[in-house]
Amino acid sequence: MTPFRRALVGGVLVLAGPMAHAVEGQKIFTQGGANPAAMACLGCHGPDGKGIAAAGFPRLAGLPAGYLSKQLHDWRSGSRKQPVMEPLAKALTEDEIEAVSAYLASLPADPASKLWRQQIAVDPTTRMALYGDWSRQIPGCVQCHGPGGGGVGEHFPPLAGQPASYLVAQLNAWRDGSRSNDPNQLMVGVAKAMTDEEIKAVAEFFARAVSQEVKP
Ligand code: HEC
Ligand code: HEC
113 MTPFRRALVG GVLVLAGPMA HAVEGQKIFT QGGANPAAMA CLGCHGPDGK
163 GIAAAGFPRL AGLPAGYLSK QLHDWRSGSR KQPVMEPLAK ALTEDEIEAV
213 SAYLASLPAD PASKLWRQQI AVDPTTRMAL YGDWSRQIPG CVQCHGPGGG
263 GVGEHFPPLA GQPASYLVAQ LNAWRDGSRS NDPNQLMVGV AKAMTDEEIK
313 AVAEFFARAV SQEVKP
C-alpha cells in the first residue's frame, strides 16, 4: 500500500461518511460500478471529467450532484433515452449513483468565459443566448442557465464549454420526445420554437464560451 493510499484509507476511517462517499465515487468514475455493465466513466467523459468534445461526450466535472443524479435516474425511468447511457445508468446501484454524482460535482469545472460575458449583443445568436426572442416565447438561455451559461444551482445545468454536437443533440432530443425529463417542460417549448440553424448557432456559441477563456 502506498503512503498516499494508506493516508486515504486512514482518512476514510476517521472522516467516515462524506469522505468514504468521495472515495467510492472516484472508484466508480475510474473503474466502473460493481456490475460490469456500469463501465468506468472516464473512458468517455475524459480522465478529468471534462468531456471529450471531438466525440460529443459532455463534461460532468463540476456539474451539480443533484442534476447528475437526476439524469441517471431519468435514464432508468425512461424520461431520457440514449442508447449508451441508458444501460449504464440501469447497471448502477442507488448508492453508486449518489457517490459518483457527489464525486463529479466536486471536480473543478472550467470557469465561464469572461470574454463571452463582455461580448456585446450585436449578432442574432448572442441575442438569442442573452435575451431570447419573446415574439416566439423563447426566454434567453442565460436567464435559466446563468451568466455565461455557467449553470445555476441543482436544476439548471451549464451549457458553457459542452461540445456543440452534444448541445444540438439534447435540443433535438426534446424536439423528438426522446428527452422529456425537464421540470415543468421548461426546455421542450424552447427547443421546439427554435429553428435548426438557431440551434446549431447557439450550441456553437456556448461550446466556444470556455475555449475562449482558456486561450491566453
Ligand atoms: C461508452 C461511453 C460512455 C461511458 C462509459 C459513460 N458515459 Fe455518460 N454519457 C455518454 C454519452 C454519449 C452521453 C450523452 C448522452 C446524450 O446524448 O443524451 C453521456 C451523458 C452523461 C450524463 C448527462 C450529462 C448532462 O449534462 O446531462 C451523465 C450524468 C453521465 N453521462 C454520467 C456518466 C457516469 C456517471 C458514467 C460512469 C458510471 C458514464 N456516464 C459513463 C457516454 C458515456
Ligand atoms: C425557463 C428556463 C430555461 C430556459 C429559458 C432555457 N433552459 Fe435549457 N434547461 C432548463 C432546465 C431546467 C434544464 C435541465 C432539464 C433536466 O433536468 O434534465 C435545461 C437543460 C438544457 C440542456 C441540456 C444540458 C445537458 O447537460 O444535458 C440544454 C442543451 C439546454 N438546456 C439548452 C438551452 C438553450 C440553448 C436555451 C436558450 C435558447 C435554454 N436552454 C433556455 C431550463 C431552461
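For the sequence shown, the working numbering assigns the number 113 to the initial residue and increments by one for each residue that follows.
Just so it is clear, CB atoms sit at the ideal spot from N, CA and C, and this is done for glycine as well.
Here the structure is a predicted model, which means the values were calculated and not measured.
| query | result |
| --- | --- |
| Under the assumption that residue 168 contacts residue 275 (Cβ atoms under 8 Å), give the Cβ distance between them as a whole number of angstroms. | 5 Å |
| Thinking just about the alpha-carbon of each residue, which of 178, 148, 303 and 179 is nearest to the one in residue 248? | 303 |
| Let me know if residue 196 comes out buried or exposed under the rule of 16 or more other beta-carbons within 10 Å of its beta-carbon. | exposed |
| Throw me the rounded Cβ distance for the residue 254 and residue 260 pair, which I believe falls under 8 Å. | 7 Å |
| Given a cut-off of 7 Å on the beta-carbon distance, is the pair residue 278 and residue 159 in contact? | no |
| Please confirm whether any heavy atom of ligand 1 lies closer than 6 Å to the CB of residue 169. | yes |
| Check whether the region 289–301 and the region 200–209 are in contact - that is, three or more C-beta pairs closer than 8 Å. | no |
| Considering only C-alpha positions, which residue in the set 138, 246, 179 and 180 is nearest to residue 305? | 246 |
| Do you know offhand how far residue 240's Cα is from residue 252's? | 6 Å |
| If you check the beta carbons only, do residue 150 and residue 219 fall under 7 Å apart? | no |
| In three-state DSSP terms, what is residue 168? | coil |
| Do residue 134 and residue 215 have their CB atoms nearer than 7 Å? | yes |
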